[in-house]
Amino acid sequence: MDAVEEFKSEVCAEADRLKDEILRVSRQMHENPELGSEEYLACDLLTSKLAEHGFQVEKGFLNMRTAFKAIYRAAKPGPRIGLLAEYDALPGVGHGCGHNIIAASTYGAAIALAKVVDRLGGEIVLYGTPDEEGHGPYRGSKIIMANQGAFNNVDVVLTMHPSSSEKAATRKQALAIRSFRVQFFGHTAHAAADPWKGVNALNGLRLMFQAIDALRQHMRRDGRIHGIIVKGGEASNVIPDYVEAAMSVRAADLTYLDELTEKFKNCALGAALATGTKVEITPAGLMYREILLIESLAEVLEGNLRKLGLVVEDPVEALLRGPLGSTDYGNVSLVVPSATVSMPISPVELPGHSKEFAEAAVSEFGNEALMRTVKALAMTVVDILSRPGLLEKLKKEFEEKRAKPPKAVTY
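At position 355 of the sequence shown the residue is numbered 679 (the working numbering), and the sequence of numbers has no breaks.
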């Protein structure tokens, strides 16, 4: 066994030693779900435990109350590796997206790595990133961090997300997304006595949805436009003078997202023109970007997953499946070489954002998946810190792809 493999065995043994603590942290967050921007217990729990393990902790990172940055810095210089923790829950279903596992996995990897980083050299930085789901003022906190340079001095970033897929995966793609507030304005009138004196704002909004539906036949497979009516009027006998919708536009690359956004706006403008209403379209929140996949980093992570006995989705499977949802992790991947592992937490397929998925996030199967993720992330960090030339290879691929992003596969 070479020195690198010995270090990997050591961090895995340390993870096993810390297993009860790691699972306890996961369960505490799961039993106390907190919506995005309100994750006070999770933030306090993680930062207090990290301080116990010798990390220098900065709470309220970048003026976000439930964000943090925790650093374990070796005396010996070396690469700086970032890990991303998410810990926000969902309304009604608690940890139905399994973010307690994300936080516990990256926390576990960080404290296990503290066992060896003094000898390897470098820094481990765990970022507490609230509100990935977009509930409150810290919505898309990773974007805020990326925009303010939080990752500028980091060499590599790693994270994870639970899934109920059959296989582990490192090449899952995400859709870039823009969200909008759409307001239609008309004029009130009695809906029966003199409706001709009114201008029906709801008709404008309804026609916008119909225009979008007509557009769908001509959209690429990765294109998505979806939304809800937030306000549709006050009473059935009053012509509504104001209605509002929350809308989102998604695509696999920024070029097509721009094109689809323009078409979406034209649907709204055309509907307003046809109904005599007025429309205002305003951005709602930050734009989540697509993921820049660094294949050489994904391959290292895949190798470690296989060493732990996991079946890993191959590149062709990932290509054919195409992009799924959206995540603010995508913005991070565009500023620093990054990788994420999608880890199955259930032996059967489950709907995301569901009570069943929340139950899986603290199941025996889910706990085992959590610990395997801890080890896979820690082993990958060991590779980066100790294998000559690997970091340079990752950075070279990153710079080449950032200069000329690969074309999105849309079939």
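For every residue, glycine included, the Cβ atom is placed at its ideal position computed from N, Cα and C.
Q472 (DSSP reduced to helix, strand or coil): coil
Option nearest A327 by Cα separation, candidates L531, S710, S560: S710
Residue closest to G713, alpha-carbon to alpha-carbon, out of G402, A427, S361: G402
Test item: CB-CB of A398 and G445 under 9 Å: Yes, the Cβ-Cβ distance between A398 and G445 is below 9 Å.
Any alpha helix (DSSP H) of 4 or more consecutive residues that is wholly inside the region 484–555: 525–539
Residue environment, N387, which counts as buried when at least 16 other CB atoms sit within 10 Å: The residue is exposed, with fewer than 16 neighbouring Cβ atoms inside 10 Å.
Residues of its chain near A346, where Cβ-Cβ distance is below 6 Å and the 5 sequence neighbours each way are ignored: It should be pointed out that residue 346 corresponds to Ile in this sequence rather than to Ala. Within the same chain, I346 has close Cβ partners A428, G432.
Distance between A492 and E641 (C-alpha atoms, nearest Å): 12 Å
Among T430, L414, C367, V441, the one whose alpha carbon lies nearest that of K400: V441
Range of the contiguous alpha helix (DSSP H) that encloses A436: The continuous alpha helix (DSSP H) containing A436 extends over residues 423–437.
Beta-carbon proximity check, R613 vs A500, cutoff 9 Å: yes
Alpha carbon of L648 to alpha carbon of K496, nearest angstrom: 8 Å
Proximity of M469 and I426 at Cβ, strictly below 9 Å: no
DSSP bridge partner residues for M667 (one or two, in chain order): P486
Reduced DSSP secondary structure (H/G/I, E/B, other) of M571: strand
Nearest candidate by alpha-carbon position, reference K332, set R502, G360, D707, A391: D707
Simplified DSSP assignment, three categories, for Y735: Confidence at Y735 is low in this model, with a pLDDT of 45, below 50, so the placement of that residue should be treated as unreliable; the coordinate-derived value is given next. It is coil, neither helix nor strand.
Backbone secondary structure at F379 - three-state DSSP: coil
Buried or exposed by the 16-neighbour rule on C-beta atoms within 10 Å, applied to Q507: buried
G418, DSSP secondary structure in three states: strand
Which of helix, strand or coil DSSP assigns to T606: strand
Boundaries (first-last residue) of the alpha helix (DSSP H) holding I346: 343–355
Member of H377, E410, P461 whose CA lies at the smallest distance from the CA of K439: H377
Whole-angstrom distance between A700 and G627, CA atom to CA atom: 9 Å
Residue range of the unbroken beta strand (DSSP E) whose run includes F588: Looking at the DSSP string, F588 is not in any beta strand (DSSP E); the run it does join, the alpha helix (DSSP H), is 578–599.
Touch test, the region 510–517 against the region 603–622, Cβ-Cβ under 8 Å, three pairs minimum: no
Alpha-carbon to alpha-carbon, P639 and E623: 10 Å
Straight-line Cα distance separating L369 from S361: Here the C-alpha atom of S361 lies approximately 15 Å from the C-alpha atom of L369.
Cβ separation of G458 and A682, assumed to be a contact under 8 Å, to the nearest whole Å: With a Cβ gap of about 18 Å, G458 and A682 do not count as contacting.
C-alpha gap between A576 and D546, whole angstroms: When rounded, the distance between both Cα atoms is 6 Å.
Buried or exposed by the 16-neighbour rule on C-beta atoms within 10 Å, applied to N655: By the neighbour-count criterion, in which a residue is buried when 16 or more other Cβ atoms sit within 10 angstroms of its Cβ, N655 is buried.
Same chain, Cβ closer than 7 Å to R630, neighbours up to 5 away in sequence not counted: V636
Proximity winner among I563, E334, S372, A663, relative to F509 (alpha-carbon distances): I563
Proximity below 9 Å, CB of S482 to CB of T651: It is worth fixing the name first, because residue 482 is Leu in this sequence and not Ser. Contact: no.
Cβ neighbours of A569 in the same chain (closer than 7 Å, five flanking residues each side left out): V506, L529, G551, I552, I553, V554
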